[in-house]
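The structure under discussion appears below in the form of C-alpha cells.
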Amino acid sequence: MSDLAKAGLAELALHVASGDVSCREVVAAALARIERGDPKLGAFLTLRAEAALAEASAADAERKAGRARSRLHGLPIAVKDILASPDFETRCGSRILTGFRAPYEATVLRRLREAGLVVLGSTNMDEFAMGGSTENSALAKTRNPWDPTRVPGGSSGGSAVAVAARFVPAALGTDTGGSIRQPAALCGVTGLKPTYGRVSRYGLVAFASSLDQIGPITRSCSDAALLLGVIAGHDPHDATSYPAPAPNWLAALSGNVDGLRIGIPRGFFDGAGADAETMARAREALHVFAGLGAKTVEVELPNSGYGIATYYLICTAEASSNLSRYDGVKYGFRVASQTLDEMYEKTRSEGFGAEVKRRILLGTYVLSAGYYDAYYRKAAQVRTLIRRDFERAFESCDVIASPTTPGPAWPLGERVDDPLQMYLADVFTVTANLAGLPAVSLPCGLAAGRLPVGLQLIGRPLDEATVLRAGDAFQRHTHFHELAPEDSAS
Amino acid sequence: MNITRDTVLYVARLARLRLSDEEVTRMQRDLDAILGYVDTLRELDTTGVPPTTHVLEIATPLRKDAVHDVLPVSEVVRNAPQHDENAMIVPKVLE
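First to last, the sequence lines map onto chains P and D.
Numbering-wise (my numbering), the first sequence opens with residue -6 and increments by one.
Numbering-wise (my numbering), the second sequence opens with residue 110 and increments by one.
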C-alpha cells in the first residue's frame, strides 16, 4: 500500500486502468492514511469517508462496464474549505459560516464530479483565505508534515499538507496573493495558480475578486496539467471566466526546454529578498535549467518592490466589500439581538477572527471618504505599472524565475502577533496575482532541518503551457518533488 | 501616518464591527504600522497612469434574456439562522 501513497494522479490512473488495483482500494487506502496521520497534522476539516467509498465502488462498476468518465475516474482528491457544495459544509475556516451547506455546487466541484474524481473532504485554511500560515483558521490547527512544530504555509495549508503527507495525490487550493504557491513551497509539493479567469470561480467564496483564482496542488507539474485540464474552461456562471476553450496542457509537456528564455529579475537573486539557503536552492535550480539548454536573461521589474503595499490595499478594499454579506441574516452564525443593527455588529464581531477584522478595517479605511484617491486609486495605478513591467519583461523572456518564498516554514506562533511580517512573506508571489499571470511553485530542494524550498516560474497571460512544460522538464531531471516527509508515507 | 483611536472606532462602526478596548488598541497599532508601510507608494509618480481594476481584457458578457431554472426559495432561505418556508426572519425594523 505504500506504493499507492507515493503514486501521483497519472500513475494511479494507470494502475486502476490496468486493473491491478481498484478505485475502492485506492480510496480506502487514502482514507486509512488520513485516519492514521491526520490527527497529528490537522489537514482535513471534514471527511466524507462513507460517501467517498460508495463513489469509488460506483467508479469501479462504471469502469468495468467500459464507461470510465475520464482517466481520473475514481481517484481521490481533497478540496479547500472554500467551495460551495451541497454535500458538505463550506466554512472558510470561519465561525461565521457555521453550519452553512450551499444549495448549489461550485463549477470546479461539478467538473471534478463529471470527471469522476472522488472528493474525500475539505481542508483547513486561514479564515476567508486571509493569511500565510493557516494559523488564522478558527476551526483547527494544521502542522507542516516536514516538521510538525512549524507552519504549513497558507492560506491553502490543509490542501498542501494533504498532498505533502501523501494522504491524497492532489488537492484544490485558491490563490489570491500566493495561497497555493506559498504552502506548496513550504510543504515540498507543486502548486499552480492559473491565469486569472482560467478557472471558473462560480461557488468560490470571494475574498478579493480581482485577484482570487482556483488551482491544483499536486506532486508534479504533469499531474497539475492533468488536473487543470479537468477544472479549467469557460463558464457562463462566472462573468470573469475567460471565453476560450482549455488547451490540452498534458500535450504541451514535451520535456524540452532547449532555448527557453528564463527571465531573472534584477535584484531578486542578489540576496536581500530571501535567506541564503533559499537563494542557493533557487540558483541551483537555474543551473539545472541551464544544463537542459535553457538560457537565463536579466529582466527588470522595477515596480515589484511596491507589490506588497499595492496588494494589501487592493485585497483589503475588495475584502471589506465582499465580507459585508456576513451579517447574520442569510446563512451561518447569528447572535440574537433586539435590533437589526445590533445583530449585524454582534454577529460580525463574534463571528470573525482578528485577521479578518483587521483586513475589513483596513479595507474600509482605504475606501472611506477622503482616503480613496490616496490609497485605493493609487494602488490601482501602481497595479498598472506592475502589469506593464511584466509586459516589457516578457518581450525578452518566456518565464520569470524567483524563489517562491523568502525562506522555509517558520515555527508555529512566531509571526501571529506581527501581521506586517506575515504579509512580507508574500513578496515574490503577489505580483503574479496583481498582473493576473499564471505561476507555478516547484520543490527545488531542502534547507537546513530538512525543510522544503520552492522555485517559482511566472508565465505570460494564458500561457500555463510554458510554465508547466518548464516545470515538468525540471522534474524529469530532478527528484526534489519525490522527496517525502520522513514518517508520513510509512 | 497617525491612526487615532477615534479613527479606528469610526471605521469599525462603518464596517459594523464592535471592538473591545483591547482590540481597539491592537488595531490602532497594526493599522498604523501597515498604513505606514503602504505609504511607500507615495514615492511613485502615477500622474496619468490609468488604474487597473481588472486584468482580463474581455467585454462584459451578456446572456440571453430568457427564462431559466432557479433555486426554489425554500432552498435559498434554508441556511438562514431564522427562516420560514419562503422568507428570512430578522429583528423588527419598523415600529
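Here a beta-carbon is modelled for each residue, glycine too, at the ideal position from N, C-alpha and C.
Taking Cβ-Cβ distances shorter than 7 Å, what residues in chain P pair up with residue i?
i	result
Ala142 (chain D)	Leu413
Asp139 (chain D)	Arg351 and Pro412
Thr162 (chain D)	Ser203 and Ala373
Arg114 (chain D)	Within chain P, no residue comes near Arg114 (chain D); the closest Cβ sits about 13 Å away, beyond 7 Å.
According to the neighbour-count rule (16 or more other Cβ atoms, all chains shown, within 10 Å of its Cβ), is residue i buried or exposed?
i	result
Gly344 (chain P)	buried
Leu7 (chain P)	exposed
Ala54 (chain P)	exposed
Pro401 (chain P)	buried
Val195 (chain D)	In the sequence under discussion, the amino acid at residue 195 (chain D) is Asn, which differs from the Val named in the question. It counts as exposed.
Arg104 (chain P)	buried
Val179 (chain D)	exposed
Pro431 (chain P)	buried
Gln530 (chain P)	Chain P is shown from -6 up to 483; residue 530 (chain P) falls before or after that span and cannot be answered.
Lys57 (chain P)	exposed
Counting only Cβ pairs nearer than 8 Å, list the residues of chain P close to residue i.
i	result
Glu184 (chain D)	Pro96
Along the chain, where does the beta strand (DSSP E) that runs through residue i open and close?
i	result
Pro445 (chain P)	Leu444 to Gly452
Leu40 (chain P)	Phe37 to Leu40
Gly256 (chain P)	Arg254 to Pro258
Glu291 (chain P)	Lys288 to Val292
Ala71 (chain P)	Pro69 to Lys73
Leu427 (chain P)	It is not in any beta strand (DSSP E) - Leu427 (chain P) instead sits in the alpha helix (DSSP H) that spans Val423 to Ala428.
Ser202 (chain P)	Run containing Ser202 (chain P): none; DSSP gives neither H nor E here.
Helix, strand or coil for residue i per DSSP?
i	result
Met233 (chain D)	The requested residue 233 (chain D) does not occur in the structure, where chain D is confined to residues 110 to 204.
Pro96 (chain P)	coil
Ile173 (chain P)	coil
Glu561 (chain P)	With chain P covering -6 to 483 only, the question about residue 561 (chain P) has no answer from this structure.
Ile207 (chain P)	strand
Ala45 (chain P)	helix
Ala236 (chain P)	Here residue 236 (chain P) is Pro; the residue named in the question, Ala, does not match the sequence. In this structure, Pro236 (chain P) counts as coil in the three-state DSSP scheme.
Glu55 (chain P)	helix
Leu197 (chain P)	strand
Lys350 (chain P)	helix
Ile89 (chain P)	coil
Met(-6) (chain P)	For Met(-6) (chain P), the pLDDT reaches just 43, beneath the cut-off of 50, and the residue's location in the model is therefore unreliable, leaving the point undetermined.
Ala168 (chain D)	coil
Ser115 (chain P)	strand
Gly284 (chain P)	helix
Ser483 (chain P)	The predicted model places Ser483 (chain P) with a pLDDT of 41, which falls under 50 and marks its position as unreliable; any figure quoted below should be read in that light. In the structure shown, Ser483 (chain P) sits in coil (DSSP, three-state: anything other than H, G, I, E or B).
Asn491 (chain P)	Examination of residue 491 (chain P) is not possible in this model, given that chain P is present from -6 through 483 alone.
Val202 (chain D)	coil
Is any heavy atom in the ligand PLP found nearer than 7 Å to the beta carbon of residue i?
i	result
Leu306 (chain P)	Summarising the ligand content, the structure contains no ligands, and the ligand PLP is consequently not present.
What does residue i reach in chain D if we use C-beta pairs closer than 7 Å?
i	result
Lys371 (chain P)	Leu150 and Thr155
Using a Cβ cut-off of 9 Å, pull out every chain D residue sitting near residue i, in sequence order please.
i	result
Ala239 (chain P)	Chain D residues near Ala239 (chain P): none, gap ~15 Å exceeds 9 Å.
Ser361 (chain P)	Tyr119, Val120 and Leu123
Residue i touches chain D at which residues, Cβ-Cβ below 8 Å?
i	result
Gln331 (chain P)	Pro200
Lys339 (chain P)	Arg127
Arg376 (chain P)	Pro160 and Thr161
Where do the N-terminal and C-terminal ends of the alpha helix (DSSP H) with residue i fall, by residue?
i	result
Ile379 (chain P)	Lys371 to Ala386
Glu311 (chain P)	Gly300 to Asn315
Ala121 (chain D)	Arg114 to Leu123
Ser215 (chain P)	Cys214 to Ile224
Ile27 (chain P)	Cys16 to Leu34
Thr167 (chain P)	Careful: Thr167 (chain P) lies outside any alpha helix (DSSP H), inside the beta strand (DSSP E) at Ala163 to Asp168.
Lys339 (chain P)	Leu333 to Gly344
Thr134 (chain D)	Asp130 to Val147
Thr183 (chain P)	That residue, Thr183 (chain P), is in no alpha helix (DSSP H); its beta strand (DSSP E) goes Thr183 to Lys186.
Within 8 Å of any Cβ in chain B, is that where the Cβ of residue i sits?
i	result
Arg172 (chain D)	The structure shown contains no chain B; the protein chains it does contain are P and D.
> Any chance the segment 105 to 123 of chain P sits against the segment 43 to 50 of chain P, with 3 or more Cβ pairs inside 8 Å?
Replying inline: yes
>> With three or more C-beta pairs closer than 8 Å as the rule, is the segment 349 to 368 of chain P touching the segment 113 to 128 of chain D?
In response: yes
>> So, does the segment 161 to 179 of chain P touch the segment 207 to 214 of chain P, judging by three or more C-beta pairs under 8 Å?
In response: yes
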